[in-house]
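2 protein chains.
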Amino acid sequence: MPGHKQKKNLNLLNEQPLADFKVGVDNVIFSVDTAQNRLLVLLIMRQQEPFVNQWSLPGTLVRQGESLEDAAYRIMSEKIKVNNLYLEQLYTFGGPNRDPREAIDSFGVRYLSVSYFALVRFEEAELIADKVTGIAWYPVKQVPELAFDHNEVLAYGHTRLRNKLEYSPVAFEVLPETFTLNDLYQLYTTVLGDNFADYSNFRARLLKLGFLSDTGIKISRGAGRPASLYKFDAEAFAPLKDKPLVFI
Amino acid sequence: MPGHKQKKNLNLLNEQPLADFKVGVDNVIFSVDTAQNRLLVLLIMRQQEPFVNQWSLPGTLVRQGESLEDAAYRIMSEKIKVNNLYLEQLYTFGGPNRDPREAIDSFGVRYLSVSYFALVRFEEAELIADKVTGIAWYPVKQVPELAFDHNEVLAYGHTRLRNKLEYSPVAFEVLPETFTLNDLYQLYTTVLGDNFADYSNFRARLLKLGFLSDTGIKISRGAGRPASLYKFDAEAFAPLKDKPLVFI
DNA sequence: CCAAAAGTGTTGGGCATACACCCATGA
DNA sequence: TCATGGGTGTATGCCCAACACTTTTGG
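So this is what it looks like as structure tokens:
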């Protein structure tokens, strides 16, 4: 997590030459398995050095003529087939010595990573397994040690997700098109922990906001009364966007 | 403002060579003139090509062995003397063709800019005018056309400021050590526009939160009853941090 | 008919809004 | 003594947490 240190004087560096950079883009791609109430992140098994055979966030180096966002979308399209996705820039990690290649092929080349934050729907997302490439959804709670500083990047993405969940309608980017109010509630509890309102109040608040429309369709899951399927109504939400708004 | 476009396929680029980058850091440094109720941003008159004699955000290129944050602090220390400052990363602008030097010295070198967001106290900040360097606080509302994409960077910083003001105690990073409740109120109105609670309610809410301590000192500004000087009590605030909290 | 899941209702306390009002000072 | 800016008080209504309750299904 990037901290905010106070003051620093590096005038010794005053006449140091400029650094040359390669720029990488790494994506933190989240998704939720509604059936098992698990928050998932997409990981790739690395095929080349450095960190061969170690899990990492899906990433790539930026090519000539390519924007950062283009690179982020390229990663997505190489690893995953989705109809719809949410993507935003996360944070830029650029300290020296964050990539072992800096020491080896040297000539002072630095590796900087611009990370992106993405949300996709688990059910719609089809993983593209080229050859023997390891690619998998990992429950965030069980993520192993990752290549580079990717554990740190993931942690930062996770905080961002928690924050966004509270004040913007990102939940509907991860849920299926139609969902029960319980699915929504479960999503909030699995991501945020269950330190908030009980189901009944959660339900009441969300419905009062008026951008969840009942499709009328009922779905039965084992015993118990069947639940209504709702969908997010973007039009009804529009007037509320960029108003302060809490979803807890 | 960085948007979130949906999908894109750039497989034509599939075998394009990697881009080489120089990395710049640009700071959006805000401050507030409490006397005149103006939000200020620090601008520098450029001395070299490109964009000679045009105003720009203070920035620099990252040197060997230097982290991004180090570079950001270096800019600060070269332009301004302050006791205390708030600094955080803002956004990374990395599209091709955002810097005219890409066309000229060429060899495919790209210029990427990592922007930082800083807050300083107007009264404490002493500008360092080396030689004839133009350096000045500009009222945000009167900023001219800037070099590069700096108007866009500034706009993004401005939004960030507005957002942070609503849910975190950044106000006290820009205000002087001691301030009247009216100063605080004015700050909120000049930055956010006056679309919120009246002074009386603003006052009541803030005081109830309990992290503003009355110094007992009174200050008289022309006619009218003298106002109490308050200061931000970081200890009293500590337990409240990272709780959801609205300052409007 | 009972347990399980979904959905509704009620009640009390707290907080925000919109005001009206009192206080201390300079001119 | 009055205009000016600072500060206090109060009534209304809304929202929210807690929790009790009803409805609809499967077994």
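Those sequence lines, one after another, are chains A and B.
Under our numbering, residues 325 to 572 are what the first sequence spells out, in order.
Under our numbering, residues 325 to 572 are what the second sequence spells out, in order.
Beta carbons are placed, not taken as given, at the ideal position from N, Cα and C, and that holds for glycine.
Item checked: Closest by C-alpha distance to valine 349/B, when choosing among Gln510/B, Arg398/B and Pro374/B -> Arg398/B
Notebook entry, point to check: Mind listing which residues of the region 463–492 of chain A have their C-beta closer than 8 Å to chain B's C-betas, in chain order?
Noted result: Glu490
Note to self: Let me check one thing: in DSSP terms, what residues is valine 347/A bridge-paired to?
What the structure shows: Leu436/A
Check: Does the beta carbon of valine 438/A come closer than 8 Å to any beta carbon on chain B?
Finding: yes
Item checked: serine 544/A burial status per 10 Å Cβ neighbour count (16 or more: buried) -> exposed
Checklist line | With 16 other Cβ atoms within 10 Å as the buried cut-off, status of arginine 434/B | finding: buried
Next item on the list: Could you tell me the boundaries of the beta strand (DSSP E) in which phenylalanine 417/A lies?
Entry: 410–417
Next item on the list: In angstroms with no decimal places, state the Cα-to-Cα distance between alanine 558/A and aspartate 557/B.
Entry: 42 Å
Next item on the list: For alanine 343/B, verify whether its CB is less than 7 Å away from any heavy atom of the ligand GTP.
Entry: Questions concerning the ligand GTP fall outside what the structure shown contains, since it holds no ligand whatsoever.
Notebook entry, point to check: Under 7 Å Cβ-Cβ, which residues of chain A neighbour aspartate 522/B?
Noted result: Those do not exist, as aspartate 522/B stays about 17 Å from chain A at its closest Cβ, beyond 7 Å.
Item checked: Within-8 Å CB hit, aspartate 557/B to chain A -> no
Margin query: For the region 335–369 of chain A, list every residue whose C-beta sits within 7 Å of some C-beta in chain B, in sequence order.
Written below: Leu337, Gln340, Pro341, Leu342, Ala343, Asp344, Phe345, Lys346 and Val347
Notebook entry, point to check: Listing by chain order, which chain A residues have their CB less than 7 Å from the CB of arginine 387/B?
Noted result: Leu337, Gln340, Pro341, Leu342 and Ala343
Margin query: I want to see whether chain B comes within less than 8 Å of glutamine 294/A, judged by CB atoms only; does it?
Written below: Because residue 294/A is not part of the residues shown, which for chain A are 325 to 572, the question remains open.
Note to self: Between the alpha carbons of leucine 536/A and alanine 521/A, how many angstroms are there, rounded?
What the structure shows: 19 Å
Next item on the list: Decide yes or no for the touch test of the region 447–462 of chain B against the region 470–488 of chain B: beta carbon pairs closer than 8 Å, at least 3 of them.
Entry: no
Next item on the list: Reducing DSSP to helix, strand and coil, say where glycine 481/B ends up.
Entry: helix
Next item on the list: Kindly list, in the order they appear in chain B, the residues whose Cβ is closer than 8 Å to that of serine 391/A.
Entry: Gly418, Gly419 and Pro420
Notebook entry, point to check: For phenylalanine 571/B, which option in Phe417/B, Glu501/B and Tyr491/B has the closest C-alpha, if you only look at C-alpha atoms?
Noted result: Tyr491/B
Item checked: Length at least 4, wholly inside the region 475–559 of chain A: the alpha helix (DSSP H) runs in chain order -> 495–498, 505–516 and 523–533
Item checked: Status (buried if at least 16 other CB within 10 Å, exposed otherwise) for asparagine 408/A -> exposed
Next item on the list: Report the three-state DSSP secondary structure of valine 576/B (helix, strand or coil).
Entry: Outside the shown range of chain B (325 to 572) lies residue 576/B, about which nothing can therefore be said.
Note to self: Give me the subset of the region 404–416 of chain A whose CB atoms are less than 8 Å from a CB atom of chain B, sorted by chain position.
What the structure shows: Asn408, Leu409, Tyr410, Leu411, Glu412, Gln413, Tyr415 and Thr416
Check: If you drop the 5 nearest sequence neighbours on each side, which residues of the same chain put their C-beta closer than 7 Å to that of phenylalanine 496/A?
Finding: Phe556
Check: Using the beta-carbon of each residue, which ones in chain B are nearer than 8 Å to glycine 432/A?
Finding: Gln388
Notebook entry, point to check: Is it true that the CB of valine 352/A sits closer than 8 Å to the CB of serine 439/A?
Noted result: yes
Notebook entry, point to check: Starting from leucine 392/A and walking both ways along the alpha helix (DSSP H), at which residues does that stretch end?
Noted result: 392–403
Next item on the list: Report the three-state DSSP secondary structure of proline 563/A (helix, strand or coil).
Entry: helix
Next item on the list: Tell me whether arginine 324/A sits in a helix, a strand or coil according to DSSP, three-state version.
Entry: As displayed, chain A neither begins before 325 nor continues past 572, which places residue 324/A out of reach and without an answer.
Checklist line | Selected residue, minimal CA-CA separation from tyrosine 512/B, among Met369/B, Pro420/B and Val494/B | finding: Val494/B
Notebook entry, point to check: Between the Cα of leucine 489/A and the Cα atoms of Thr514/A, Ile368/A and Val365/A, which residue gives the shortest distance?
Noted result: Thr514/A
Check: What is the rounded straight-line gap between the Cα of leucine 411/A and the Cα of serine 401/A?
Finding: 13 Å
Note to self: Buried or exposed, going by whether 16 or more other CB atoms sit within 10 Å of the CB of alanine 453/B?
What the structure shows: exposed
Notebook entry, point to check: Are the CB atoms of serine 552/A and arginine 445/A nearer to each other than 8 Å?
Noted result: no
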